[in-house]
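Remarks on the structure that follows.
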Amino acid sequence: MWYASDLATRVSHAKEYGLYQNLPLDKEHLSFNWPEIKQKRDAYVHRLNGIYQKNLDKEKVDVVFGWARFNKDGNVEVQKRDNTTEVYSANHILIATGGKAIFPESIPGFELGTDSDGFFRLEEQPKKVVDVGAGYIGIELAGVFRGLGSETHLVIRGETVLRKFDECIQSTITDHYINEGINVH
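With UniProt numbering applied, the sequence shown covers 1 to 185.
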């Protein structure tokens with residue numbers, strides 16, 4: 001999706017370089033087939049997951065899904081999705097923590113929200129998007145939506161995006177997004 005968005009943005013600037021002078025290449029005239037690119041992206045991710053799984057199997061790596069914690073003996077207790085608990089021990093253990101978005105139920109319309117995982121499940125391109133958050137995932141998705149032609153609003157707490165990054169990155173990205181037509185609030 002990011003590459004498609006980047007390509008659409010570059011094509012929309014083609015006239016600035018003397019290319020395609022007689023074609024309407026602005027964002028309003030460019031079309032994008034969301035279901036087609038979603039299908040191709042999903043197939044690509046499925047293929048990658050298969051490659052990763054084969055590599056893990058070849059190296060005899062066990063992958064366990066669930067909620068994990070170290071117990072007092074230094075072993076890992078995992079509560080699996082089926083609510084069973086198993087204890088694991090090994091010389092080397094990697095716990096990939098992941099994360100989960102929180103949707104505040106006190107905000108009217110919260111059920112219309114989605115997270116970055118939900119973005120990949122969208123069957124159709126939204127005409128309008130409100131992206132809440134100024135972290136790197138939120139601003140990446142805002143850029144993708146805008147690049148593909150969705151009216152995009154980015155709601156942030158401070159004056160700039162990426163508050164934990166260098167100030168010059170914060171201001172450069174914020175200004176760039178505003179210039180690209182993202183409505184920053």
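Every residue gets a Cβ at the ideal spot worked out from N, C-alpha and C, and that includes glycine.
Excluding its 5 nearest sequence neighbours in each direction, residue 126 has C-beta neighbours in its own chain below 8 Å: 145 and 150, listed in chain order. Annotation: residue 5 to residue 147 spans about 4 Å, alpha carbon to alpha carbon. By the neighbour-count criterion, in which 16 or more other beta carbons inside 10 Å mark a residue as buried, residue 20 falls on the exposed side.
Here residue 161 is buried. Its C-beta has 16 or more other C-beta atoms within 10 Å.
Residue environment for residue 177: buried (at least 16 other C-beta atoms within 10 angstroms of its C-beta). At the C-beta level, residue 137 and residue 116 come within 8 Å of one another. Taking a 10 Å sphere around the C-beta of residue 90, we find fewer than 16 other C-beta atoms and assign the residue as exposed.
In this structure residue 143 is buried. Its beta-carbon is surrounded by 16 or more other beta-carbon atoms within 10 angstroms.
Residue 122 is positioned such that its CB atom lies no closer than 8 Å to that of residue 131. The UniProt domain "FAD/NAD(P)-binding" (26-185) is shown to contain whole beta strand (DSSP E) runs of 3 or more residues at 66-70, 76-80, 85-88, 128-132 and 151-155, in chain order. The Cβ atoms of residue 110 and residue 119 do not sit closer than 8 Å to each other. The three-state reading of DSSP puts residue 3 in helix, counting H, G and I together. Separation of residue 105 and residue 14 (C-alpha to C-alpha, rounded to the nearest whole angstrom) is 44 Å. Contact between residue 78 and residue 93 does not hold, since the beta-carbon distance rounds to 10 Å and is not under 8 Å.
Here residue 20 carries a coil assignment [DSSP, helix/strand/coil].
Annotation: residue 133 to residue 53 spans about 33 Å, alpha carbon to alpha carbon.
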